[in-house]
Amino acid sequence: MFGNLKNEKYKSEFKNEWTVIDEKMLFQVGGQGSRPTFFEMAAAQQLPSSLRSALTYSIGVLALRTPFLHKLLDYEDESFAFLMFILHSHTLRTTDASFSESLYALRRRPAHNSTPLRTRQKLLSLLFLVGLPYLKSKLHSIYNKEREARLQASLWGDENDGFYGGGSFQQHSSLETTFDDDDDNDDSHIRTRVTNTNRVQKIVGFCYPWLHATTEGFQFAYQLLYLLDATGYYSVALHALGIHVCRATGQELMDTSSRISRIRSRERERLRGPQWLKTLQGALLSCTYTVLDYAQTGLIAAVFFFKMMEWWYQSAEERMSAPTVYPPPPPPPSPKVAKEGIPLSPDRTICPLCSQKRANPSVVTVSGFVFCYACIFKYITQYKRCPITLMPATVDQIRRLFHDV
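Add 15 to the 1-based position in the sequence shown for this note's numbering, that's all there is to it.
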């Protein structure tokens, strides 16, 4: 009796523990309270990189007809960083959130209180949102160039290239050969600059994999702890800034709208000059506000629409350019047995030449009849024809069969 009561007690405690765990996971998935779910934070973090890939692809397609857009692709990192700087600056100023966080109605708040962000926290957030991704992209580009140079050096046996040599920037090396012997000062200056550049790239190529692995490891650890409700910080950057990300309530959304209206009213009141100049400046401000207000959803909607149209026309072009599929032609008629040829046996397993069961069956390709290999090889070598149809044949047209028909 006491044993049964003890077992029931353990079962009850075990069930209560799993109930608590299930409630925590439900909190993460269902999104109850002001704490964002793991999926909301992950979607907000991945949105800029997804948007960059879509914009790069879209501009690349448009650049085929507008060569001027190639300049944007040449300065892809700088162009996207400038775009993100404008969007993040606007959303941090008006909603206390990043560009992607504002799409999910999320807000940034100091860790120890629920007051709006201070100017210093907004500037640091802007640095982490724009500056660090831009720096990471440039370091990754330099590392890829160094890796390609090292692979090329390993293939061609050039020991002066790669991580531990000095020749990844071949354009600078080629410039050195164009100087005359009289320009020794300029030549030494170029050599010094190339040496310093290669040295910096060598350091980046050596340190970047370790730095990248370390940062990604910390990021994964924070995300796992956030998923398990062990920390309130989703990333290392938010922990360093001392900022929590929370859901915006309905009252906060209303307060944000009124605050945006007050900010824009003050900016209009600061306009100076004649009346026509104030009107022009007011029109420019209105256009700027409209573009910024609809930039978030407009960018995503435009890229989605472009990709959908591209898929639509690409499918139509594939259908138009696809070759017409015709039904297979009927098989040719079977060759007829010649009157002077050897007659066929009713038993299809009998060789017509030796009248025995076929051994090592082989077919004559010009007629399709099957014989023993030794019989048909000897007959065609002597008569140069098929023994049944009397069609010309050679020993090269004999094919051995691995399955007797």
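Glycine included, each C-beta is placed from N, C-alpha and C at the ideal position.
Could you tell me the alpha carbon to alpha carbon distance between Y241 and L299, rounded to whole angstroms? To locate residue 241, count along the sequence shown from 1; it is residue 226. To locate residue 299, count along the sequence shown from 1; it is residue 284. Those two C-alpha atoms are separated by around 44 Å.
So what's P131 in DSSP terms, helix, strand or just coil? Sequence index remark: in the sequence shown, residue 131 carries index 116 (1-based). In the structure shown, P131 sits in coil (DSSP, three-state: anything other than H, G, I, E or B).
How many angstroms separate the CA atom of R283 from the CA atom of A252? Numbered from its first residue, the sequence shown carries residue 283 at position 268. Numbered from its first residue, the sequence shown carries residue 252 at position 237. If you draw a straight line from the Cα of R283 to the Cα of A252, it is about 35 Å long.
Are C390 and L368 closer than 8 Å when you measure CB to CB? Locating residue 390 in the sequence shown gives position 375, where the first residue counts as 1. Locating residue 368 in the sequence shown gives position 353, where the first residue counts as 1. Cβ distance < 8 Å, so C390 and L368 count as in contact.
From the DSSP output, in three-state form, read off V260 for me. Here the question's residue 260 lines up with position 245 in the sequence shown. Here V260 sits in strand by DSSP.
Local conformation of R281 per DSSP, three classes: Counted from its first residue, the sequence shown places residue 281 at position 266. Helix at R281.
Per DSSP, C387 is paired with what? Numbered from 1 along the sequence shown, position 372 holds the residue referred to as residue 387. The partner list for C387 (beta bridge, DSSP) reads P376.
Short of 7 Å in beta carbon distance, which residues of its chain neighbour P441, apart from the five on each side in sequence? Order them along the chain. A query on residue 441 cannot be resolved here, the shown segment of the chain reaching from 16 to 420 and no further.
T380: buried (16+ other C-beta within 10 angstroms of its C-beta) or exposed? As a working note, residue 380 is residue 365 in the sequence shown. So T380 counts as exposed.
State the beta-bridge partners of R124 as determined by DSSP. Taking the first residue of the sequence shown as position 1, residue 124 is located at position 109. In the DSSP output, where bridge partners are listed per residue, R124 has H259.
With DSSP run on the structure shown, which of helix, strand or coil describes I357? One-based indexing of the sequence shown puts residue 357 at position 342. DSSP places I357 in coil when its eight states are reduced to three.
I'd like to know whether the C-beta atoms of E116 and V260 end up nearer to each other than 8 Å. Counting from one through the sequence shown, the residue named residue 116 turns up at place 101. Counting from one through the sequence shown, the residue named residue 260 turns up at place 245. Yes, the pair counts as a contact, with Cβ atoms nearer than the cut-off.
Alpha carbons only, please: which of H105, T71 and K372 is nearest the one belonging to L87? Along the sequence shown, read from residue 1 onward, the residue named residue 87 stands at position 72. Of the candidates H105, T71 and K372, the one whose C-alpha sits nearest the C-alpha of L87 is T71.
For F258 and R124, which I take to be in contact (beta-carbon distance under 8 Å), what is that distance rounded to the nearest angstrom? Sequence index remark: in the sequence shown, residue 258 carries index 243 (1-based). Sequence index remark: in the sequence shown, residue 124 carries index 109 (1-based). Looking at the sequence itself, residue 258 is Ile, so the reference to Phe does not match. Yes, they are in contact, since the Cβ atoms of I258 and R124 sit about 7 Å apart, within 8 Å.
Tell whether a beta-carbon distance below 8 Å holds between L416 and V385. Position 401 of the sequence shown, counting from 1, holds the residue named residue 416. Position 370 of the sequence shown, counting from 1, holds the residue named residue 385. Yes.
Is L147 close to chain D, meaning its C-beta is less than 8 Å from at least one C-beta of that chain? Considering every chain present, this structure includes no chain D. It has just one protein chain.
Taking its Cβ as the centre, do 16 or more other Cβ atoms sit within 10 Å of C387, making it buried, or is it exposed? Residue numbering aside, residue 387 sits at position 372 when the sequence shown is read from its first letter. With 16 or more Cβ atoms within 10 Å of its Cβ, C387 is classed as buried.
Applying the 10 Å Cβ sphere with the 16-neighbour rule, what's the burial state of T207? The residue labelled residue 207 in the question sits at position 192 within the sequence shown. Classification for T207: exposed.
What number of angstroms, rounded off, separates the C-alpha of R67 from the C-alpha of G247? If you number the sequence shown from 1, residue 67 lands on position 52. If you number the sequence shown from 1, residue 247 lands on position 232. Using only the alpha carbons, I get a separation of about 28 Å.
Bridge partners of P407, per DSSP? As a working note, residue 407 is residue 392 in the sequence shown. Paired residue(s): R400.
Cβ-Cβ distance between Y304 and R279 below 8 Å: The sequence position of residue 304 within the sequence shown is 289, counting from 1. The sequence position of residue 279 within the sequence shown is 264, counting from 1. Yes, the pair counts as a contact, with Cβ atoms nearer than the cut-off.
Three-state secondary structure (DSSP) of R414: Within the sequence shown, numbered from 1, the residue matching residue 414 stands at position 399. DSSP places R414 in strand when its eight states are reduced to three.
So, is E10 buried or exposed, given that buried needs 16 or more other C-beta atoms within 10 angstroms? Residue coverage of the chain in this structure runs from 16 to 420, which leaves residue 10 outside it and unanswerable.
What does the alpha-carbon distance come out to for the pair K372 and A353? On the sequence shown, residue 372 is found 357 positions in, with the first residue counted as 1. On the sequence shown, residue 353 is found 338 positions in, with the first residue counted as 1. One C-alpha to the other measures close to 23 Å.
Closest to P407 by C-alpha separation, out of A255, L139 and P350, would be which residue? As a first step, residue 407 must be located in the sequence shown, where it is residue number 392. When each option's Cα is compared against that of P407, the closest is P350.
Taking all protein chains shown into account, do 16 or more other C-beta atoms lie within 10 angstroms of the C-beta of E55, making it buried, or fewer, making it exposed? Here residue 55 refers to the residue found at position 40 when the sequence shown is read from its first residue. With 16 or more Cβ atoms within 10 Å of its Cβ, E55 is classed as buried.
For the alpha helix (DSSP H) containing G75, list its first residue and its last residue. Counting from one through the sequence shown, the residue named residue 75 turns up at place 60. Where G75 is concerned, the enclosing alpha helix (DSSP H) stretches over F53 to L77.
Status (buried if at least 16 other CB within 10 Å, exposed otherwise) for R400: In the sequence shown, the residue the question calls residue 400 occupies position 385. Here R400 is buried. Its C-beta has 16 or more other C-beta atoms within 10 Å.
Beta-carbon separation (whole angstroms), P131 vs R262, contact threshold 8 Å: Numbered from 1 along the sequence shown, position 116 holds the residue referred to as residue 131. Numbered from 1 along the sequence shown, position 247 holds the residue referred to as residue 262. About 15 Å separates the two Cβ atoms, so there is no contact after all.
Going by DSSP, what residue range makes up the alpha helix (DSSP H) through L88? Sequence index remark: in the sequence shown, residue 88 carries index 73 (1-based). H85 to D89 is the span of the alpha helix (DSSP H), which, as asked, contains L88.
Quick one: measure Cβ to Cβ for E161 and Q216, integer angstroms, because I've assumed they're closer than 8 Å. The residue given as residue 161 occupies position 146 in the sequence shown. The residue given as residue 216 occupies position 201 in the sequence shown. 6 Å between Cβ atoms; contact.
If I measure Cβ to Cβ from Q412 and keep anything under 7 Å in the same chain, skipping five residues before and after, which residues do I get? Translated into the one-based positions of the sequence shown, residue 412 becomes position 397. Taken in chain order, the residues that qualify are V379, T380 and V381.
Strictly by DSSP, which residues pair up with I365? Here residue 365 refers to the residue found at position 350 when the sequence shown is read from its first residue. DSSP, once it has assigned bridges, lists K372 as partnering I365.
Secondary structure of A112, DSSP reduced to three states: Counted from its first residue, the sequence shown places residue 112 at position 97. Looking at A112 - three-state DSSP - the assignment turns out to be coil, as it is neither helix nor strand.
Take the Cβ of T12 as the centre, count every other Cβ of all protein chains shown within 10 Å, and call the residue buried at 16 or more, exposed below. The chain is shown from 16 up to 420; residue 12 falls before or after that span and cannot be answered.
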